[in-house]
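The structure appears below as structure tokens.
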Amino acid sequence: MSTIEGSPPDSSPGNPPGSASVVEVRVTVRNKNGLHARPSSVLAEAALRFADTALTLRRAETEVDAKSIMELLLLEAGPGTELTLTASGPQATEAVAALRNLFEREFDLHL
Amino acid sequence: MALHDQCIPEAFLCDLEPADKEDAIRQLVDALVGADVFTTRKGNAIAKEVIERERQASTGIGSGVAIPHARTKAVDRVILTFGRVAGGFDFAATDGRKVSVICLLLTPAAAADDHLAAMKSIVAIVRDNYQCKRLIGCKTPESFIGLLKELDGVKS
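So, in structure tokens, the structure goes:
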């Protein structure tokens, strides 16, 4: 498994606007109950808005599609878990910003 | 912990004919009361919590399975029970399909990790097409437990 670098979005400088790019950041599960069903559905719903951009979340060897509630639940990500969020596609930067924001806002659930 | 250890097979309802999903949840909780897992008073509180949770968003995760659940102060260990509705019924599932297996999951309020672990184990079955078909094909408590034991790696 490759080592993951820190947070700055890493779209290659040579990419013309609108072309496919890959962005990877670390995110932390901050809400006290972890990535249970509701946060997973909030996250999947947000991810689905970026139809042309592939979004994955990885914890150790487990990598899942961020657009699927079921797959997100497979991460078994409790409070404090660090995950790697990877976006690939034309809206990679926007998608990563939106999803990272949800992690930081504790999925707007405050439970 | 292994899923089959958390099950209360005496409370499984394999011939459910619920009026709607709230009725299904109530029947499953009542069966747990009937199996002396908790008191009627606690059962009422639990049913209310599970239904309240369900109103926020459907736990019908797709593929014919729903996992209504609550983290509640009314239980002190993870409790799992199954209901089967022949032919399926409307659970407002995310994929729009009818639900024929309801897996009611109750976890102690403080046990976020146990909750995630149990949920993960159930989801892992549901997302595997072959195992999910087997789960939906279970018609008796014994067949549910047999499948879970096998998936938990226990020889029966």
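For the record, the sequence lines run as chains H and W. Under my numbering, the residues of the first sequence are numbered 94 to 204, in order. Under my numbering, the residues of the second sequence are numbered 1232 to 1387, in order. Backbone N, C-alpha and C define an ideal beta-carbon position, used for all residues, glycine too.
- By the C-beta density criterion, GLU1280(W) is buried, having at least 16 other C-beta atoms within 10 angstroms.
- Taken in chain order, the unbroken stretches of beta strand (DSSP E) that lie wholly in the region 1314 to 1357 of chain W and span 3 residues or more are 1330 to 1339.
- Under the 8 Å criterion on CB atoms, THR1290(W) is classed as interfacial with respect to chain H.
- Note that the C-beta distance between LEU168(H) and LEU150(H) is below 8 Å.
- The C-beta distance from ARG131(H) to ALA1288(W) rounds to 6 Å, short enough to fall under 8 Å.
- Look at MET1350(W): its C-beta is under 8 Å from a C-beta on chain H.
- For LYS1364(W), the closest of GLY1314(W), SER1331(W), THR1303(W) and ALA1343(W) by C-alpha to C-alpha distance is SER1331(W).
- Put simply, the CB of LEU1259(W) is far from chain H, with every gap to its CB atoms at 8 Å or more.
- Between the region 140 to 157 of chain H and the region 171 to 182 of chain H there are three or more C-beta pairs closer than 8 Å, enough to call the two in contact.
- Boundaries for ASP1261(W): no beta strand (DSSP E) harbours it, while the alpha helix (DSSP H) harbouring it runs 1252 to 1265, taken from the DSSP string.
- In its chain, beyond the 5 residues on either side, CYS1245 and ARG1315 have a beta carbon closer than 8 Å to the beta carbon of LYS1370(W).
- Residue environment: ALA144(H) is assigned as exposed (fewer than 16 neighbouring CB atoms within 10 Å of its CB, all protein chains considered).
- In this model, PRO183(H) and ARG152(H) are separated by some 24 Å (Cα to Cα).
- In the DSSP annotation of this structure, LEU202(H) is not part of any alpha helix (DSSP H), being labelled neither H nor E.
- Here ALA1262(W) is buried, its C-beta having at least 16 other C-beta atoms within 10 Å.
- Interface annotation, GLY1384(W): not in contact with chain H, CB-CB separation never under 8 Å.
- Per DSSP, THR1270(W) is not a residue of any alpha helix (DSSP H), being assigned neither H nor E.
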